[in-house]
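> Note that the sequence shown covers residues 1 to 135 in the UniProt record's numbering. Quick reminder that beta carbons are idealized off the backbone N, C-alpha and C, glycines included.
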Amino acid sequence: MSTDNKPVSILLVDDDEINNFISIKLIKKAVENTEISACLNGRFAIDELLQIQKRDPNELPDFILLDINMPIMNGWEFLDEYRRLNIDPAGKTKIFIISSSVFSNDINKAKSYPLVQNFISKPLSVDKIKEMFAV
1 MSTDNKPVSI LLVDDDEINN FISIKLIKKA VENTEISACL NGRFAIDELL QIQKRDPNEL
61 PDFILLDINM PIMNGWEFLD EYRRLNIDPA GKTKIFIISS SVFSNDINKA KSYPLVQNFI
121 SKPLSVDKIK EMFAV
């Protein structure tokens with residue numbers, strides 16, 4: 001996927017620690033050379049992204065995998081805040097909604113955000129991950 005041997009950086013934003021553990025294992029199995037960090041809600045993710053942006057915007061993650069239903073700040077609130085703060089003006093980061101929601105209104109809402117690349121249904125699988133990262 002990456003030609004310069006730079007790891008693919010991924011920020012996983014999901015309040016389910018067991019799901020995060022499984023997702024990280026699956027991603028590492030599907031995609032070689034990855035750096036994955038996890039945040040348990042949108043607020044923590046925004047704070048982390050702002051710190052990275054301040055330090056070096058080139059270090060922003062390549063991908064954000066975002067759950068919708070989380071405490072403190074949900075996925076929709078995260079997207080609104082991410083856009084409001086203009087965290088990634090260069091558009092480096094690709095955001096995917098990763099949700100167990102099967103409601104068409106959630107899928108349509110996700111597609112209404114220009115920042116969102118796609119809506120991926122949980123559970124993740126190696127095939128879904130490879131398709132997402134086009135490897």
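Does the Cβ-Cβ distance between P71 and S9 come in under 8 Å?
Within the sequence shown, residue 71 is the residue found at index 71, counting from 1. Within the sequence shown, residue 9 is the residue found at index 9, counting from 1. Contact flag unset, no.
> Give the straight-line distance between the Cα atoms of D16 and C39, rounded to the nearest whole angstrom.
Counted from its first residue, the sequence shown places residue 16 at position 16. Counted from its first residue, the sequence shown places residue 39 at position 39. C-alpha separation (whole angstroms): 10 Å.
> Looking at N33: is its Cβ nearer than 8 Å to the Cβ of P7?
Residue numbering aside, residue 33 sits at position 33 when the sequence shown is read from its first letter. Residue numbering aside, residue 7 sits at position 7 when the sequence shown is read from its first letter. Taking 8 Å as the Cβ cut-off, N33 and P7 qualify as a contacting pair.
> Based on the DSSP secondary-structure assignment, which residues constitute the bridge partners of V40?
Along the sequence shown, read from residue 1 onward, the residue named residue 40 stands at position 40. For the sequence presented, residue 40 should be read as Leu rather than Val. L40 is not bridged to any residue.
> From the DSSP output, which residues share a beta bridge with P6?
One-based indexing of the sequence shown puts residue 6 at position 6. Sequence check: residue 6 is Lys here, not Pro. The partner list for K6 (beta bridge, DSSP) is empty, contrary to what the question assumes.
> I need the DSSP call for K122, collapsed to helix, strand or coil.
Stepping through the sequence shown from its first residue, residue 122 is reached at position 122. Reduced to three states, the DSSP call for K122 is coil.
> Go through its chain and collect everything with a Cβ distance to A45's Cβ below 7 Å, but skip five positions before and after it.
Residue 45 sits at position 45 when you count from the first residue of the sequence shown. If we look at A45 and ignore the five residues flanking it on each side, its Cβ neighbours are L11, V13, C39, F78.
> Can you give me the C-alpha to C-alpha distance between F96 and R55, rounded to a whole angstrom?
Counting from 1 along the sequence shown, the entry for residue 96 is found at position 96. Counting from 1 along the sequence shown, the entry for residue 55 is found at position 55. Near 24 Å, if we compare the C-alpha coordinates of R55 and F96.
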